[in-house]
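These notes concern the structure reproduced below.
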Amino acid sequence: QVQLVESGGGLVQPGGSLRLSCAASGMLFSIYTMGWYRQVPGKQRELVAVILSDHTTNYVDAVKGRFTISRDNAKNTVYLQMNSLKPEDTAVYSCKAEKRPGVVFWGQGTPVTVSE
């Protein structure tokens, strides 16, 4: 079955960097649109960045210029490089794989805390 496993979250000081990874299995990774989402308790989950099968990327305005999404199809992995982190980036980050509307898989999430 399809599995998405995130890693790389943790505690970092403001201005610091983290790289999140999402390793996929049980799927033809290269044809999926992959996305990173984040959620803060009490708020709706929001899209952070997305990368299509052709490597086209898109970002929410709040992270443009600071975050970079990439994928390595040979490793079935999508990454989120996060630089210049701010306290408002604190959230649980999850990856999503979408083949087409209605065919969607989620990872369990990895927490990111940006604090002194």
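The numbers in the working numbering rise by one with no breaks, and the one at position 115 of the sequence shown is 131. Cβ coordinates follow ideal geometry from the N, Cα and C atoms, glycine included.
Measure the Cβ-Cβ separation of residue i and residue j and say whether it is below 8 Å.
{"i": "Q97", "j": "F83", "result": "yes"}
{"i": "A113", "j": "V128", "result": "no"}
{"i": "V28", "j": "I67", "result": "no"}
{"i": "L44", "j": "W122", "result": "no"}
Which residue's Cα is closest to the Cα of residue i: the options?
{"i": "V76", "options": "N99, D88, R87 and E62", "result": "E62"}
{"i": "V18", "options": "G42, C38 and G25", "result": "G42"}
{"i": "V120", "options": "R54, N89 and M50", "result": "M50"}
{"i": "G26", "options": "A39, Y109 and W52", "result": "Y109"}
{"i": "N15", "options": "V21, G32 and A39", "result": "The structure shown does not extend to residue 15, since the chain is modelled only from 17 to 132, so the question has no answer here."}
{"i": "Y53", "options": "G81, N92, E22 and L44", "result": "E22"}
{"i": "T72", "options": "G81, R87 and Q124", "result": "R87"}
{"i": "Q124", "options": "G81, K91 and C111", "result": "C111"}
Leaving out the 5 sequence neighbours to the left and right, which residues in its chain are closer than 8 Å to residue i when beta-carbon positions are compared?
{"i": "P30", "result": "L101, K102, P103, V130, S131 and E132"}
{"i": "V79", "result": "V64, A65, M98 and D105"}
Return the chain-ordered list of same chain residues with a C-beta closer than 7 Å to the C-beta of residue i, the five sequence neighbours on each side being excluded.
{"i": "I47", "result": "S69 and K115"}
{"i": "G24", "result": "L34, R35, L36, S37 and T126"}
{"i": "G118", "result": "none"}
Near residue i, what residues of its chain come up, given a Cβ to Cβ distance below 6 Å and the 5 sequence neighbours on each side ignored?
{"i": "N74", "result": "V66"}
{"i": "V56", "result": "A107"}
{"i": "G32", "result": "L101"}
{"i": "N92", "result": "A40 and F45"}
So who's on the other strand from residue i, going by DSSP bridges?
{"i": "Y53", "result": "L63 and S110"}
For this session: Would you mind listing the beta strand (DSSP E) stretches within the segment 58 to 111 that are 3+ residues and don't spill past its ends, in chain order?
Result: 62 to 67, 73 to 75, 83 to 88 and 93 to 98
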